[in-house]
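Single-structure report; data block below.
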Amino acid sequence: MTAAEKLSRYVLPTYARFPIAPVRGDGASLWDEDGVQYLDFCSGLATCTLGHANLVLTEALHKQARELIHCSNLYHINQQADLAELLVEECVDLPGKVFFCNSGAEANEGLIKLARRFGHARPDKRGNPRYEVLTFSRSFHGRTLGSLAATAQTKIQEGFDPLLPGFRYVDFNDAVALQDAIRPETAAILVEPIQGEGGIHVAQRDFLLAADRLRHAHDLLLLFDEVQCGLGRVGTMAAWRSIEPGIEPDGVSWAKGLGGGFPVGGFWVADRFIGDDATPLFTVMGPGSHGSTFGGNPLACTAAHTVLREVLNRKLPQHALAMEARIRREIDSWKQPGIHEVRGKGLLLGIGLDHPNLSIPEGVLPSVHLCNTLAKAGLLLPPAGGDTIRLLPPLNVTEEKVDEALAILKSTLDSLVK
Numbered sequence: 000m001t002a003a004e005k006l007s008r009y010v011l012p013t014y015a016r017f018p019i020a021p022v023r024g025d026g027a028s029l030w031d032e033d034g035v036q037y038l039d040f041c042s043g044l045a046t047c048t049l050g051h052a053n054l055v056l057t058e059a060l061h062k063q064a065r066e067l068i069h070c071s072n073l074y075h076i077n078q079q080a081d082l083a084e085l086l087v088e089e090c091v092d093l094p095g096k097v098f099f100c101n102s103g104a105e106a107n108e109g110l111i112k113l114a115r116r117f118g119h120a121r122p123d124k125r126g127n128p129r130y131e132v133l134t135f136s137r138s139f140h141g142r143t144l145g146s147l148a149a150t151a152q153t154k155i156q157e158g159f160d161p162l163l164p165g166f167r168y169v170d171f172n173d174a175v176a177l178q179d180a181i182r183p184e185t186a187a188i189l190v191e192p193i194q195g196e197g198g199i200h201v202a203q204r205d206f207l208l209a210a211d212r213l214r215h216a217h218d219l220l221l222l223f224d225e226v227q228c229g230l231g232r233v234g235t236m237a238a239w240r241s242i243e244p245g246i247e248p249d250g251v252s253w254a255k256g257l258g259g260g261f262p263v264g265g266f267w268v269a270d271r272f273i274g275d276d277a278t279p280l281f282t283v284m285g286p287g288s289h290g291s292t293f294g295g296n297p298l299a300c301t302a303a304h305t306v307l308r309e310v311l312n313r314k315l316p317q318h319a320l321a322m323e324a325r326i327r328r329e330i331d332s333w334k335q336p337g338i339h340e341v342r343g344k345g346l347l348l349g350i351g352l353d354h355p356n357l358s359i360p361e362g363v364l365p366s367v368h369l370c371n372t373l374a375k376a377g378l379l380l381p382p383a384g385g386d387t388i389r390l391l392p393p394l395n396v397t398e399e400k401v402d403e404a405l406a407i408l409k410s411t412l413d414s415l416v417k
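According to numbering that gives the first Met the number 0, the residues represented by the sequence shown are 0 to 417, in order.
This is how it looks when you write it as structure tokens:
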């Protein structure tokens, strides 16, 4: 029985899978169960930061697994302390505290709980706890009930109502609409500096600055979801700094590339004072307010620390920017009628399709059809909505692999042009 047959028989059909069953990886390459080789520019959806089977990461995991895989957060975990120090001092570079979990949805749940706790500590003028979090059109924050309710996409919310209350959606990059949306019960603004699943849309500098001003004017929290865009992928360790480095947020969530393929997530909370009594923000999340059995265990923290150390030491954010420039130059030179635009930063790039110029079968999403066609040609790319495909190679991808991927993309698009 094939993997596809077993999955069909035993696993919930929650994923629309492509007909590929990878069994081995090396760098930016994958091989399926039939021995077919693919160039992987999906990278586990921006997760395999150092590519597949990276020697530094696998050796670190092997060494740690032989010593201690897991222990309870009832005890002091050295690897967790080291990872938190690295994230605070060299990634966020702002005073704060970190909580570790296992995924991006969990990290965003933590930020939502932070907003609720803050709203209780800082009620409205009538003494009522504030609870509302403003999020934005095309956003994606996860698939748990809380993060799903925060996500402004009805297609992933369908059939899960009644949704968790306390969220309202504002048009992305509309500073006036954001200002008009603030009400007495509003406690926080949650935004992706660069939207991932929503189609790779970059927040405008003026929009983020407006959110920052409104945060101060109305005593709100400004929270950044950097699950897909953070930790080097867009050319900076803190993604918002690629847009406006002067902003100092109250919370940031991570996952995906943090562990290089090993499941680990986390969120950072600022040390800044709230109110007039010099109370640090992080104190609203005291003992018993949050927890995770597996979050921050020694093996996960070893993976994340190893990945981040490689990203920083090898200057991979700068490399991502160099590869972005190479990709943009090449695609611009094609004058390809099937491409509307290239969006994003670094190695979080979305190619918007001008699908009326492409031969797409009736009833099939253009992005899905193109990804399937590219896979047959040996290149794996993920879609992001109906008319966008994503380029998400490992951050250490070579120029040769980039050129190889672009050659496949060009020839495939040329074959589909009407």
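Beta carbons: idealized from backbone N, C-alpha and C, even for Gly.
Note that the coordinates shown come from a computational prediction; the quantities given were computed from them, not determined experimentally.
Test item: CB-CB of R129 and T185 under 8 Å: yes
Residue interval of the beta strand (DSSP E) (run including C100): 95–100
Contacts around S252, its chain only, beta-carbon distance under 6 Å, and the 5 residues preceding and following it disregarded: Same-chain partners within the cutoff: A106, N107, L110, D224, V226, F266.
Pair within 8 Å by beta-carbon distance, L311 and L347: no
S332 versus G43 - alpha carbon distance: Distance between the alpha carbons of S332 and G43 is about 29 Å.
As assigned by DSSP and simplified to three states, the class of S136: strand
Where I326 falls, given that 16 or more other Cβ within 10 Å makes a residue buried: buried
One or two residues paired with Q36 in a DSSP bridge: W30
Alpha carbon of I155 to alpha carbon of G295, nearest angstrom: 29 Å
Separation of C370 from A376, as counted between CA atoms: 10 Å
Distance CB(F272)-CB(P279) smaller than 8 Å: yes
Contacts around D39, its chain only, beta-carbon distance under 6 Å, and the 5 residues preceding and following it disregarded: A27, L29, L379
Helix, strand or coil at H200 [DSSP, three-state]: strand
Where V169 falls, given that 16 or more other Cβ within 10 Å makes a residue buried: buried
DSSP state of F17 mapped onto helix, strand, coil: coil
Which listed residue (T46, R23, H215, A45) has its alpha carbon closest to that of Y37: R23
For A269, the nearest candidate out of S136, V87, T387 (CA to CA): A check of alpha carbon separations from A269 across S136, V87, T387 identifies V87 as the nearest.
Residue environment, G258, which counts as buried when at least 16 other CB atoms sit within 10 Å: buried
Span of the beta strand (DSSP E), counted from its first residue to its last, around S252: 250–253
I388 - partner residues in DSSP beta bridges: Beta-bridge pairing links I388 to I350, P382.
Start-end ranges of the beta strand (DSSP E) lying completely within the stretch 239–283, minimum 3 residues: Qualifying beta strand (DSSP E) stretches, in chain order: 250–253, 264–269.
Integer-rounded CB distance, given that R389 should sit under 8 Å from G349: In this structure, G349 and R389 form a Cβ contact; the two beta carbons are roughly 6 Å apart against a cut-off of 8 Å.
Where G24 falls: helix, strand or coil (DSSP): strand
C-beta contact flag for L222 and P248 at 8 Å: In this structure, P248 lies closer than 8 Å to L222 by Cβ.
N-terminal and C-terminal residue of the beta strand (DSSP E) that I338 is part of: Looking at the DSSP string, the run of the beta strand (DSSP E) that includes I338 is 338–344.
G260 beta carbon less than 8 Å from that of P316: Contact: no.
For V306 and F293, the rounded distance between their alpha carbons: 19 Å
Buried/exposed call for S7, threshold 16 Cβ in 10 Å: Label assigned to S7: exposed.
DSSP bridge partner residues for A180 (one or two, in chain order): Answer is none; A180 lacks a bridge partner.
4-residue-minimum alpha helix (DSSP H) runs that sit fully inside the stretch 55–106, ordered along the chain: 77–85, all fully within the stretch 55–106.
Run of the alpha helix (DSSP H) containing R327, from where it starts to where it stops: Unbroken alpha helix (DSSP H) run through R327: 315–333.
Distance between V35 and E196 (C-alpha atoms, nearest Å): About 28 Å.
Residues sharing a beta bridge with V175, DSSP: According to DSSP, which records beta bridges pairwise, V175 is partnered with nothing at all.
Where I155 falls: helix, strand or coil (DSSP): helix
Classification of D211 by the beta-carbon crowding that lies within 10 angstroms, buried from 16 upward: buried
Spatial distance of L56 from A302 (CA atoms): Cα atoms of L56 and A302: separation of roughly 6 Å, rounded to the nearest angstrom.
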